[in-house]
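Each step along the sequence shown adds one to the number in my numbering, with nothing skipped, and position 137 is 126.
Every residue, glycine too, gets a C-beta built ideally from N, C-alpha and C.
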Amino acid sequence: MDTINIENKALTSFSSEKEIKIIIQNWLRILEVGLGWINDFDKFVIKYAKYFRLLKVLKGHDREINSVRFSVNGRTIVSSSNDHTIRIWDIISGEQTQILKGHSDWVNLADFSPDGKIVVSCSDDNTIRLWDITSGKELKKLIGHLGWIWDVNFSIDGKFIVSGSSDETIRIWDTNSGKELKKMIGHLDSILGVHFSPDGQMIVSSSADKTIVLWDVKTGERSQLLKEYIDSITNTRFSPDGQYVVSCPCDKTIRILDVKLGKEIKKFEGHLDNVNEVKYFPDGQTIVSCSHDKTIRLWDVKSGKEIQNLELHFDAMRCVDISADGSTIVSGSGYAIQIWM
-10 MDTINIENKA LTSFSSEKEI KIIIQNWLRI LEVGLGWIND FDKFVIKYAK YFRLLKVLKG
50 HDREINSVRF SVNGRTIVSS SNDHTIRIWD IISGEQTQIL KGHSDWVNLA DFSPDGKIVV
110 SCSDDNTIRL WDITSGKELK KLIGHLGWIW DVNFSIDGKF IVSGSSDETI RIWDTNSGKE
170 LKKMIGHLDS ILGVHFSPDG QMIVSSSADK TIVLWDVKTG ERSQLLKEYI DSITNTRFSP
230 DGQYVVSCPC DKTIRILDVK LGKEIKKFEG HLDNVNEVKY FPDGQTIVSC SHDKTIRLWD
290 VKSGKEIQNL ELHFDAMRCV DISADGSTIV SGSGYAIQIW M
């Protein structure tokens, strides 16, 4: 396992000209929004004073990385890969603290429970697994899906897990018992993304059938067809307040949908290839996205403008996450993990 630290000297020499250019471009983009921001200048400066730069590159996986997620306290990262493993990393040292082995096929996603004690993972081996992060031991194997499982997500209280699969079903599981509680049917193709609303009352799903659907957790019934596109939707996530959904259809764009109105209200354009993952910052005012165009981009929600473009990747940008305090970004590209601060 290799940890590459990007020294200050290297950053200075790299960024002295290019970074200044990018900063100026970002300010010009933002100024295009208009002069309304001047009244809140102090807040504006605080919000955009953060300029993310590459801090570390973590290496250890032997195949492509499919997901990266922060623990709630932001001190730990979990990653999943086509090498069939899940790895837990200490963000300060960059060292691997655990390698979780048990899946027999690609691991599509791994995530921490809200209390940070458990990791959930899903795989092309048709299973969901729960792991103890201290011992590295498998706690439970959840069996029920009849196809590859693309996405998995804890409810905010950690009591439930939702999963989406190529078997065209969404399933809700009890975390403690590992038992399947509900099977939701309605999509006509693979479910590529699932996410609990912040209040735990709804699930949003995105599918290769080109639709985004809202589901009632209590009844397990479809409550709303939120949107239908002309392409598959790889990923969808609620905003922190649950009022909006951000998604990325396979058309190089990012879309924001209003849950209450049931319609699209914003479209972000700028990526040069399909967007693989998108999510809100904790403040709900910024969105981060990653793409096959080898970039991570930050977007201002209100204006729809691109704030920053991180261009240090040499491979497709497959996954991205933000720490709970919004200070750090983690990404996965090829076999490596990147930490940005």
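Taking all protein chains shown into account, decide if residue i is buried (16 or more other Cβ within 10 angstroms of its Cβ) or exposed.
i      : result
Asn265 : buried
Gly182 : buried
Ala313 : exposed
Ser195 : buried
Phe270 : buried
Glu295 : buried
Leu177 : exposed
Phe101 : buried
Lys216 : buried
Ile75  : buried
Phe303 : exposed
Asn165 : exposed
Ile80  : buried
Ser236 : buried
Ser152 : buried
Can you grab the Cα-Cα spacing for the pair residue i / residue j, in whole Å?
i      : j      : result
Val61  : Ile161 : 22 Å
Cys279 : Gln87  : 26 Å
Tyr233 : Ser144 : 17 Å
Ser124 : Ser110 : 16 Å
Asn28  : Asp272 : The predicted position of Asn28 is uncertain, since its pLDDT is 42 and thus under 50; a value taken from the coordinates is nonetheless stated next. Their backbone Cα atoms lie some 20 Å apart in a straight line.
Glu127 : Ile54  : 21 Å
Trp120 : Ile107 : 5 Å
Ser221 : Leu43  : 31 Å
Ile132 : Asp156 : 13 Å
Gly91  : Val319 : 25 Å
Ile311 : Val46  : 16 Å
Ile328 : Thr275 : 18 Å
Trp204 : Ser154 : 16 Å
Lys130 : Lys291 : 42 Å
Gln85  : Lys249 : 43 Å
Val206 : Gly147 : 14 Å
Trp78  : Gly105 : 13 Å
Glu169 : Leu246 : 30 Å
Val57  : Phe257 : 23 Å
Met173 : Gly167 : 17 Å
Gly63  : Asp262 : 30 Å
Ser322 : Asn115 : 24 Å
Thr65  : Ile159 : 28 Å
Val277 : Val267 : 6 Å
Glu300 : Asp163 : 41 Å
What three-state label does DSSP hand residue i in the structure shown?
i      : result
Ile80  : coil
Asp247 : strand
Asn115 : coil
Lys294 : coil
Ala99  : strand
Arg42  : coil
Asn224 : strand
Met330 : coil
Ala325 : strand
Trp137 : coil
Cys237 : strand
Leu287 : strand
Lys199 : coil
Ile254 : strand
Gln190 : coil
Leu261 : coil
Asn142 : strand
Ile219 : coil
Ile276 : strand
Leu170 : strand
Ile122 : coil
Asp282 : coil
Which residues in the same chain as residue i place their Cβ atom closer than 6 Å to its Cβ, once the five residues preceding and following it in sequence are excluded?
i      : result
Asn298 : Thr284 and Arg286
His260 : Lys241, Ser280 and Asp282
His50  : Ser70, Asp72 and Tyr324
Lys171 : Ile161 and Gly209
Ser179 : Ser155 and Ala197
His184 : Asn142, Val193, Arg226 and Phe227
Ala305 : His281
Leu135 : Asp156
Mind checking whether the beta-carbon of residue i lies closer than 7 Å to any heavy atom of the ligand MN?
i      : result
Lys256 : For the structure depicted, the ligand MN is absent and the ligand set is empty, with no information on it obtainable.
Would you kindly check if the distance between the Cβ of residue j and the Cβ of residue i is under 8 Å?
i      : j      : result
Phe41  : Met330 : yes
Cys239 : Thr225 : no
Gly251 : Gln213 : yes
Asp140 : Leu89  : no
Asp94  : Ser68  : no
Lys255 : Gly231 : no
Ile117 : Ile150 : yes
Apart from the five residues on each side of it in sequence, which residues of its chain come closer than 7 Å, Cβ to Cβ, to residue i?
i      : result
Val34  : Here Val34 scores only 38 on pLDDT, less than 50, and its place in the model should not be relied on; the value that follows carries that caveat. Here the set comprises nothing.
Arg211 : Gly175, Val202 and Trp204
Ser316 : Met330
Indicate whether at least one CB of chain E lies closer than 8 Å to the CB of residue i.
i     : result
Leu43 : In the structure shown, chain E cannot be found, because there is only a single protein chain.
So, for residue i: in the same chain, excluding its five sequence neighbours on each side, which residues have a beta-carbon less than 8 Å away from its beta-carbon?
i      : result
Pro187 : Ile145, Phe227, Pro229, Asp230 and Gly231
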